[in-house]
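Here is the structure we will look at, set down as structure tokens.
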Amino acid sequence: MTDRPAELRPLLWSTGVLLAAVALHVDRLPPWCTLVILGLAGWRLVLALRGRAPPGAVPRTAIGVLLLVSVAYQFSGVSGLAGGSALLAGMGALKLLETRSRRDHFVVIGVSLFLVLAACLDRQALPRLPLYVAVTWLVCTAMAIVGTPQVPLAARAATSLAGRALALSLPVAIALFVFFPRVQGQVWALPGSGAGVTGLSNEMSPGAISELTTAYDPAFRARFSGRPPPARELYWRGPVLQNFDGYTWRREPRSIYRQSPLRYLGTGYRYRITLEPHQRNWWFALDLPVASPDREVRFTWDYMLVSLQPVRQPVSYEARSHTVVRATEPLTPLQRRLALQLPPGRNPRSVALGRALRAQVADDAAFVQALLALFRDGGYAYTLTPPKLDLDSVDDFLFNTRRGFCGHYASAFATLARAAGLPARVVTGYQGGEWNPIGAYFIVRQSDAHAWAEVWLEERGWTRIDPTAVVAPERLDRGFFEALPGAVSTTDRMLREIGWLADARLAWDTLNTWWKDEVVEFDLGSQLSLLSRLGFDSPRLSQLGALLAGAVLAWLGWILLRFGRMERRRDADALARAWRRLGERLAAAGAGREAAEGPVDYAARLRATRPVLGERVGPLLEQYARLRYGPAPAAGEVAAFARAVRALALRESD
66 MTDRPAELRP LLWSTGVLLA AVALHVDRLP PWCTLVILGL AGWRLVLALR GRAPPGAVPR
126 TAIGVLLLVS VAYQFSGVSG LAGGSALLAG MGALKLLETR SRRDHFVVIG VSLFLVLAAC
186 LDRQALPRLP LYVAVTWLVC TAMAIVGTPQ VPLAARAATS LAGRALALSL PVAIALFVFF
246 PRVQGQVWAL PGSGAGVTGL SNEMSPGAIS ELTTAYDPAF RARFSGRPPP ARELYWRGPV
306 LQNFDGYTWR REPRSIYRQS PLRYLGTGYR YRITLEPHQR NWWFALDLPV ASPDREVRFT
366 WDYMLVSLQP VRQPVSYEAR SHTVVRATEP LTPLQRRLAL QLPPGRNPRS VALGRALRAQ
426 VADDAAFVQA LLALFRDGGY AYTLTPPKLD LDSVDDFLFN TRRGFCGHYA SAFATLARAA
486 GLPARVVTGY QGGEWNPIGA YFIVRQSDAH AWAEVWLEER GWTRIDPTAV VAPERLDRGF
546 FEALPGAVST TDRMLREIGW LADARLAWDT LNTWWKDEVV EFDLGSQLSL LSRLGFDSPR
606 LSQLGALLAG AVLAWLGWIL LRFGRMERRR DADALARAWR RLGERLAAAG AGREAAEGPV
666 DYAARLRATR PVLGERVGPL LEQYARLRYG PAPAAGEVAA FARAVRALAL RESD
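Sequential numbering from 66 applies to the sequence shown in the working numbering.
This is the structure in structure tokens:
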């Protein structure tokens, strides 16, 4: 009669660790895939509990083909991270239906480890790290339990063994992370799923940015080298909108324009930005950047940073900017024509107003001041909930509603300027940011989204004009949250207004940012910088290999030393010394013990192969098993065993 609990134990553990690994992907898997995995696992456990054999090859093959087709249809293939993980999870559950031997259980456990790795490649957020560690520890525990069927390990002992093994592997893991030569790019080579917060768009209609500002999620973080700029200069440049149809501003899709050369004045700022995924191609920089921070990012003719690929995962980059610039060449006729275009017949009252105001002043600079005075003194209000506008949105805003957000004011200002013959465009991005004193960086959130205008002034070039600054100066001085505290949720407001919650939130953000910058974004540049701080300037590939080999050898030496000490501690008691002495004497007599042979099996083998010797030493071997693995020995029993071993005389006839 078989021992049913002993048969079920490895199956329960291999099933449990597989489901734990699948749980790391449950929010990425289609619901049907999760149900199939649970169904296959439950089916196998029910069969085992009832003592029935698993299904044959034909139904398993049919299920496997159906899984493959379904995953390929769901994910348009199985080569990506999402589709491959779903297929691996499903096939791992299918493998449970044919688990009969220890090898089968090890295959399922191996699948579980690969699923943990896939989860790490998919998402590297710090809150998920404890989950990855816990599931990996659980998988190693299952390995220990499945790998010792003859001498079953208790769950507590297996967990302790797995924990010690993981702890011992940590130094070599750190050495591999630091010294392993890497190519340019992040430590995680596979792209994530593309999930992220959607930020600014390549077009702007009335109210578009006001919808975005209700989101409190971070857009990016900026850490300056040295003293940061004043709050009023924190304009983070994003999409530049040139084309206007009377209601919506859009980017100019053509790249036929030449970038106007600039002379950078005033203080230059160096900083590092960690950009969150936003599914668009642009990178943000302090207005105005000097150059592109990356070979894969273009510095466009309208001073945008445009990546060749959408930002689908966090990215960090170093940039340099000046907040005061001057153009060194006049605007080209082609650029001037683009910056003056207005749709015919649209917003006629605004066009007439712009022309009338321009006729009343001497030059373009005075005209800009007249427009700002119009917004400051004309009864306009700053609000996140403006009324809806008609098709001629600028006319409706300027002459009827007079209530709007930054996008309304930037659009109206640029329209009035173009009507007066002054080249103008709308720039979208972010303004300000929350200072994190713990980490010494700015957190720029979606709620800091902003729009302003740029006009071309002779002898100056493109000049930033922010009409919101005269309508609601507190928006620039104190930030969006202080200007409109009711625009964010109650939870976000509590996280900022309650002292200890605010401190905890900033501390957590600092820790999470460190994790992203120093671990997730650990690329070739970060590796060289770290090695330089350790005293290795410009290391060659051979030097990195030597450092890695030295670190691994040092780790192996430490492991050997540790196990040597463990062996000495194991032999420290009198029973162990007597057992070792008995083994040495039996080995000298040509009857040594096999490496995996316990004392009871050892005695049985000697009685079968060498009966005379077996009858003499068999009782001693069995006595050792009782003393070592049975109840605590009585006083004098260990000493009596040691004396018997010393008195044992072996003859050649044995």
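For glycine and all other residues, C-beta sits at the position ideal for the given N, C-alpha and C.
Sub-7 Å separation of residue i and residue j beta-carbons
i	j	result
T201	R286	no
R385	R335	yes
R646	V703	no
V426	A438	no
L226	A85	no
V390	L327	yes
E298	N308	no
S270	T224	no
E341	P358	no
G149	G142	no
G155	L182	no
W620	P246	no
R411	G311	yes
V509	A284	yes
L454	F470	no
A654	A707	no
L100	A184	no
W366	G303	no
W301	F364	no
L306	V433	no
P75	V173	no
Exposure label - residue i; buried when at least 16 CB within 10 Å
i	result
G497	buried
L255	With a pLDDT of 47 at L255, under the threshold of 50, the modelled position of this residue cannot be trusted, and the question is left open.
D460	buried
A260	Confidence at A260 is low in this model, with a pLDDT of 42, below 50, so its placement is unreliable and the value that follows should be read with caution. Counting Cβ neighbours within 10 Å, A260 comes out exposed, since fewer than 16 surround it.
K160	buried
G8	No answer is possible for residue 8: it lies beyond the span of the chain, which begins at 66 and ends at 719.
P96	exposed
P502	exposed
L692	buried
Q251	Residue placement at Q251 is poorly supported in this model, since its pLDDT is 48, which falls under 50; the coordinates still yield a value, given next. Answer is buried; the Cβ neighbour count reaches 16.
P295	exposed
V380	buried
Q388	The question names Gln, but residue 388 is Thr in the sequence shown. Per the 10 Å Cβ criterion, buried.
A219	exposed
T321	Note on identity: in this sequence residue 321 is Ile, with Thr being the wrong assignment. So I321 ends up on the exposed side.
L351	buried
A127	exposed
L152	buried
A537	buried
D92	exposed
S234	exposed
W565	exposed
S594	exposed
W623	exposed
R598	exposed
Identity of the residues DSSP links to residue i by a beta bridge
i	result
W579	Note: W579 sits in no beta bridge, so no partner.
I530	A518
A287	I338 and F507
Q496	Y300
R315	E268 and N308
Y329	V390
R490	E519
Q) Any chance the region 513-521 sits against the region 287-295, with 3 or more Cβ pairs inside 8 Å? A) With contact defined as three or more Cβ pairs closer than 8 Å, the region 513-521 and the region 287-295 are not in contact.
Q | Uninterrupted alpha helix (DSSP H) stretches inside the region 332-416 (no shorter than 4 residues) | A | Counting only runs of 4 or more, we get 398-405.
Q. Between the region 488-502 and the region 450-465, do at least 3 Cβ pairs fall closer than 8 Å?
A. At 8 Å Cβ cutoff, the stretches do not touch.
Q | alpha helix (DSSP H) segments (min. 4 residues) lying fully within the region 428-468 | A | Within the region 428-468, the complete alpha helix (DSSP H) runs of at least 4 residues fall at 429-442 and 458-461.
Q: Decide yes or no for the touch test of the region 153-173 against the region 191-200: beta carbon pairs closer than 8 Å, at least 3 of them.
A: No, the region 153-173 does not touch the region 191-200.
Q) Which whole runs of the alpha helix (DSSP H) in the region 180-225 are 4 residues long or more, in chain order? A) Secondary structure in the region 180-225: the alpha helix (DSSP H) runs of 4 residues or longer, each lying completely within the stretch, are 194-211 in chain order.
Q.
Using a Cβ distance threshold of 8 Å, determine whether the region 135-143 contacts the region 74-89, with at least three qualifying pairs required.
A. No: the two stretches stay apart, fewer than three of their Cβ pairs being nearer than 8 Å.
Q. For the 8 Å Cβ check, are there 3 or more pairs between the region 229-240 and the region 614-626?
A. Touching, per the Cβ criterion.
Q. Given 8 Å as the limit, is there contact between the region 380-397 and the region 521-529, that is, 3 or more CB pairs closer than that?
A. The region 380-397 is in contact with the region 521-529.
Q | At least 3 beta-carbon pairs within less than 8 Å: the region 564-574 vs the region 360-376 | A | In the pairwise beta carbon analysis, the region 564-574 is classified as not touching the region 360-376: fewer than three pairs are separated by under 8 Å.
Q. For the region 530-538 against the region 439-451, are there 3 or more C-beta pairs whose distance is under 8 Å?
A. When C-beta atoms of the region 530-538 are compared with those of the region 439-451, three or more pairs fall below 8 Å, so the two segments count as touching.
Q) Quick check: the region 675-688 against the region 660-667, are there 3 or more CB pairs under 8 Å? A) Touching, yes, given that three or more Cβ pairs across the two stretches are closer than 8 Å.
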